[in-house]
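Protein chains in written order, with the numbering used here: chain H, 79 to 399; chain V, 2 to 505.
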């Protein structure tokens, strides 16, 4: 096997060469570990990873949709909406936390399913369909909560999801890695995964090969919904409450993580592990600036610039080929 | 011999067109059955009906003795009818293995069995004598001929008994065509029936057992190949007599319009020098990968140039499509569908597109009557067959689309025309019309750069011929004093001809 002959150093160089953003990520880490004393402390590392957990889990769903050549802009609204449903069931209706959590995830899946139907059967462009869905979900969330925060002692029972530890490792970090391992296997070892790449690469060829393209697309949107719903549960656990706007902050980082991670906007191309790295990268940007004591007002400028540089490097490399 | 596929009284109409009119056809098992016909004869419609992409309005088909009425292409594939279209349906980003197994991936409980997948793929490739293609290669990186083999391998894995091939040699060079023929003969020995759709008569005589001719939606002839001649086939395809003779070339005028000096481009071509005069047709030919297409594209700014200079009417020219347009330098690209026409726009708008600034009044309102007149003029001039100027170009036949791709540049009054493979995938009837057109344009003093793999067309049309080999000029020949045999020697790099010193 040729690939096994290469030594680790060559492999690492190859991975960096393929993904310009990883180089910037590494430089950023080196910079932070030299300029701050706290960045590489395990406590801070776990803080970063914990912050990355929700974004990166929801980003798996977004990534699957984008591998098909689509885009789900409702994922953050879906996350917030499912969170509200779950919290409200627990607080207002006394539903047992396990059941409420399950419903929370299922609601996400159901919304994803509807997205899938709109995209395949009604034939609406995925960006437009999910944009509509996002608006509806945000509206319903606002109407239902009346802009108030839903909070109650029942939520303590799910707090462990975001604040608990197994040994020294926070539970959300463990969940994050479990999800990534599962979906790595799904994408690389299963027929389902092979067909996601196939459809994203050439929908017509896949259809001609007898693949039920619509059914698979609906399934992907549904899975994305489940993941978003689970993200909502984690966010509810982290906040210990639910608000109508609880999903809003996630849209930008989710999309950025997936695109930065190198998923082609036209579909069919990209690796899931890069999405994870990109999601963690995003969190180190904010984390690093806090550690550096950069003013909140300047943080937006810096994080935007770092992203643009990382993406440019990627595209320039790509163009050179 | 048993009949594997039988068509009885198949008809299909589209608004305004009767594409297929009462077609009956029997295809014998294990034969190579060729299907020929002029543009718009109904070949594409027939292929679509056979492959399940289209349903007939009337008539009945049987396949292996059972009623055959596939609802969609995947059903057709399942019963053993696979179609390889001119435009491949491949996953260009995926591996050879993934492509060959697409849609029928070996699995257990949804988990891919990669070993079985690789085995199947390598078996299929071995059957095609193509074990050299690496299973892990990305299909987009393969050569066209290899991609075609992948398509055939896909069909084998789905156990096809009837393989329909639509113009399979359109993008292949001579040696690739020969190996494809070997593959097809092998498949025949393995009892796979081939329906071979082509416009290249030479291939039909080399390959087919039986030939059927479609004309204007009717099946006008089905006969063993031994009982027909090229002339008789052309006659039944066109219903009129076409002689193989080309019109005589016009004399070239003295004035130089375009000169290329020491043009180099990384990986494609090196040290290219030539010039072209008013009314001259210059032919550029070579094998696939010789750099001929890249050279053509570079002239118009569609391929990067590293060094060297191009002069247009004596002034340095930095290639770009917009500057070329200003300099009345028009370009008919190789990939008609992707680059030459806008399928979803009307014939009128396709023709007028580069001329729109001249057809509009301040501050940019299009004068539709002028646009219509211009389009009408070109449609008449080039004899483009379209029911109306508002017809979408994607509804035209390939040859007429090609004419539209050229018409838009003629409409802007282009003086220099770059044509890349202008007759690729076009049937003989329209091909000859395009030859006549090139000839006429030359007589009007227009200069034409003709990049083509078809030697007969280069020899008959071009005043001078440049043969490229491995990116370098292997020979410069005069169109009047050369032969296909001579060009072939240069094309394969067997001998090299230094630039002749005689002045024009």
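Virtual Cβ for every residue (Gly too), placed ideally from N, Cα, C.
Can you tell me where the alpha helix (DSSP H) with residue 225(V) in it begins and where it stops?
As a position in the second chain, residue 225(V) is number 224, starting the count at 1. Here residue 225(V) belongs to no alpha helix (DSSP H); instead the beta strand (DSSP E) covers 219-225.
Residue(s) in a DSSP beta bridge with residue 163(H):
Counting from 1 along the first chain, the entry for residue 163(H) is found at position 85. Among the bridge pairs identified by DSSP, residue 163(H) is matched with none.
Taking Cβ-Cβ distances below 7 Å as the criterion, which residues of the stretch 67-93 of chain V are in contact with chain H?
Result list: 74, 75, 78, 79, 90, 91, 92 and 93.
Closer than 9 Å by beta-carbon distance: list the chain V residues that pair up with residue 322(H), in chain order.
As a first step, residue 322(H) must be located in the first chain, where it is residue number 244. Within chain V, no residue comes near residue 322(H); the closest Cβ sits about 39 Å away, beyond 9 Å.
For residue 439(V) and residue 494(V), what's the separation of their Cα atoms in angstroms?
The count along the second chain starts at 1 and reaches residue 439(V) at position 438. The count along the second chain starts at 1 and reaches residue 494(V) at position 493. Looking at the two C-alpha atoms, the distance is approximately 29 Å.
For residue 56(V), the three-state DSSP class (helix, strand or coil):
Translated into the one-based positions of the second chain, residue 56(V) becomes position 55. Here residue 56(V) sits in coil by DSSP.
Buried or exposed: where does residue 404(V) fall if 16 or more other Cβ atoms within 10 Å of its Cβ makes it buried?
Stepping through the second chain from its first residue, residue 404(V) is reached at position 403. Buried, by the Cβ-count rule.
Secondary structure at residue 263(V), three-state DSSP: helix, strand or coil?
By one-based count along the second chain, residue 263(V) stands at place 262. Per DSSP, reduced to three states, the secondary structure at residue 263(V) is strand.
With 16 as the cutoff for other CB atoms within 10 Å, does residue 82(H) come out buried or exposed?
For this step, residue 82(H) is matched to residue 4 along the first chain. Its pLDDT being 46, under 50, residue 82(H) is placed unreliably in this model, and the coordinates cannot settle the point.
What does DSSP give as the partner residues of residue 168(H) in its beta bridges?
Position 90 of the first chain, counted from the start, is the residue given in the question as residue 168(H). Beta-bridge pairing links residue 168(H) to no other residue.
Is the CB of residue 12(V) under 9 Å away from at least one CB in chain H?
Here the question's residue 12(V) lines up with position 11 in the second chain. Taking 9 Å as the CB threshold, residue 12(V) stays off the interface with chain H.
Classification of residue 244(V) by the beta-carbon crowding that lies within 10 angstroms, buried from 16 upward:
Along the second chain, one-based indexing puts residue 244(V) at 243. Bear in mind that the predicted position of residue 244(V) carries a pLDDT of just 45, short of 50, making it unreliable; the figure below should be weighed with that in mind. Label assigned to residue 244(V): exposed.
Residue 128(V) touches chain H at which residues, Cβ-Cβ below 7 Å?
Here residue 128(V) is taken as the residue at index 127 of the second chain, counted from 1. Those do not exist, as residue 128(V) stays about 19 Å from chain H at its closest Cβ, beyond 7 Å.
Within 9 Å of any Cβ in chain V, is that where the Cβ of residue 404(H) sits?
One cannot answer for residue 404(H) here, as it falls past the ends of chain H, which runs 79 to 399.
Using a Cβ-Cβ cutoff of 7 Å, what residues of the stretch 252-276 of chain H are near chain V? List them in chain order.
For the stretch 252-276 of chain H, which is checked against every Cβ of chain V, the residues closer than 7 Å are 267, 268, 269, 270, 272, 275 and 276.
Out of 328(V), 136(V), 475(V) and 225(V), state which residue places its alpha-carbon closest to the alpha-carbon of residue 287(V).
The residue labelled residue 287(V) in the question sits at position 286 within the second chain. The residue with the shortest Cα to Cα distance from residue 287(V) is 475(V).
Per-residue contacts from residue 1(V) into chain H (C-beta, under 8 Å)
It is not possible to answer for residue 1(V), since the shown part of chain V is limited to 2 through 505.
On the three-state DSSP scale, how would you describe residue 256(V)?
Position 255 of the second chain holds residue 256(V). Residue 256(V): coil per DSSP, three-state reduction.
Since residue 448(V) is in the alpha helix (DSSP H), which residue starts that stretch and which ends it?
In the second chain, residue 448(V) corresponds to position 447, counting from 1. Segment 448-452 is the beta strand (DSSP E) holding residue 448(V); no alpha helix (DSSP H) there.
Among the residues of its own chain, which have a CB less than 6 Å from the CB of residue 98(V), if the five just before and after it don't count?
Counting from 1 along the second chain, the entry for residue 98(V) is found at position 97. Counting only Cβ-Cβ distances below 6 Å, and skipping sequence neighbours, we find 118, 119, 122 and 136.
Distance, residue 386(H) Cα to residue 124(H) Cα:
Here residue 124(H) refers to the residue found at position 46 when the first chain is read from its first residue. Here residue 386(H) refers to the residue found at position 308 when the first chain is read from its first residue. Answer to the nearest angstrom: the Cα atoms are 26 Å apart.
Nearest by alpha-carbon distance to residue 219(H): which of 289(H), 160(H), 360(H) and 85(H) is it?
As a first step, residue 219(H) must be located in the first chain, where it is residue number 141. Closest option to residue 219(H), judged by alpha-carbon separation, among 289(H), 160(H), 360(H) and 85(H): 160(H).
Counting Cβ pairs closer than 8 Å, one from the stretch 335-351 of chain H and one from the stretch 272-279 of chain H, do we hit at least three?
At 8 Å Cβ cutoff, the stretches touch.
Buried or exposed, going by whether 16 or more other CB atoms sit within 10 Å of the CB of residue 80(H)?
Locating residue 80(H) in the first chain gives position 2, where the first residue counts as 1. For residue 80(H), the pLDDT reaches just 43, beneath the cut-off of 50, and the residue's location in the model is therefore unreliable, leaving the point undetermined.
At a Cβ threshold of 9 Å, is residue 89(H) touching chain V?
To locate residue 89(H), count along the first chain from 1; it is residue 11. Using a CB distance cut-off of 9 Å, residue 89(H) does not count as an interface residue toward chain V.
If you run the structure through DSSP and keep just helix, strand and coil, what is residue 244(V)?
Counted from its first residue, the second chain places residue 244(V) at position 243. Because residue 244(V) sits at a pLDDT of 45, beneath the cut-off of 50, its placement in the model cannot be relied upon, and the following sentence gives the value as read from the coordinates. Here residue 244(V) sits in coil by DSSP.
So that I know if they touch, is there some Cβ in chain H lying closer than 9 Å to that of residue 154(V)?
Residue numbering aside, residue 154(V) sits at position 153 when the second chain is read from its first letter. Not one chain H Cβ lies under 9 Å of residue 154(V).
Taking one C-beta from the stretch 481-495 of chain V and one from the stretch 303-311 of chain V each time, how about it: are there three or more such pairs within less than 8 Å?
Contact between the stretch 481-495 of chain V and the stretch 303-311 of chain V is absent, because fewer than three Cβ pairs lie under 8 Å.
When burial is assigned at 16 or more other CB atoms within 10 Å of the CB, is residue 141(H) buried or exposed?
Here residue 141(H) is taken as the residue at index 63 of the first chain, counted from 1. Buried: at least 16 other Cβ atoms inside 10 Å.
Reduced DSSP secondary structure (H/G/I, E/B, other) of residue 440(V)
As a first step, residue 440(V) is located in the second chain; it is residue number 439 there, counting from the start. DSSP places residue 440(V) in helix when its eight states are reduced to three.
Considering just the uninterrupted stretch of the alpha helix (DSSP H) at residue 98(H), what are its terminal residues?
Here the question's residue 98(H) lines up with position 20 in the first chain. If you look at residue 98(H), you'll find it in the alpha helix (DSSP H) that goes 98-113.
Going by C-alpha distance, which of 192(V), 105(V), 72(V) and 113(V) is nearest residue 158(V)?
On the second chain, residue 158(V) is found 157 positions in, with the first residue counted as 1. Minimum Cα distance to residue 158(V) is reached at 105(V).
May I ask you to list, following chain order, the residues of the stretch 116-148 of chain V that have a beta carbon less than 8 Å from some beta carbon of chain H?
Going along the stretch 116-148 of chain V in chain order, one finds no residue with a Cβ nearer than 8 Å to chain H.
When you compare only the Cα positions, how much space is there between residue 209(H) and residue 150(H)?
For the purposes of this step, residue 209(H) is identified with residue 131 of the first chain, where counting begins at 1. For the purposes of this step, residue 150(H) is identified with residue 72 of the first chain, where counting begins at 1. Going from the Cα of residue 209(H) to the Cα of residue 150(H) covers about 8 Å.
What is the DSSP secondary structure of residue 93(V), counted as helix, strand or coil?
Locating residue 93(V) in the second chain gives position 92, counting from the first residue. In this structure, residue 93(V) counts as coil in the three-state DSSP scheme.
Taking only the alpha-carbon atoms, compute the straight-line gap between residue 424(V) and residue 284(V) and give it to the nearest angstrom.
Looking up residue 424(V) in the second chain gives position 423. Looking up residue 284(V) in the second chain gives position 283. Approximately 14 Å between the Cα atoms of the pair.
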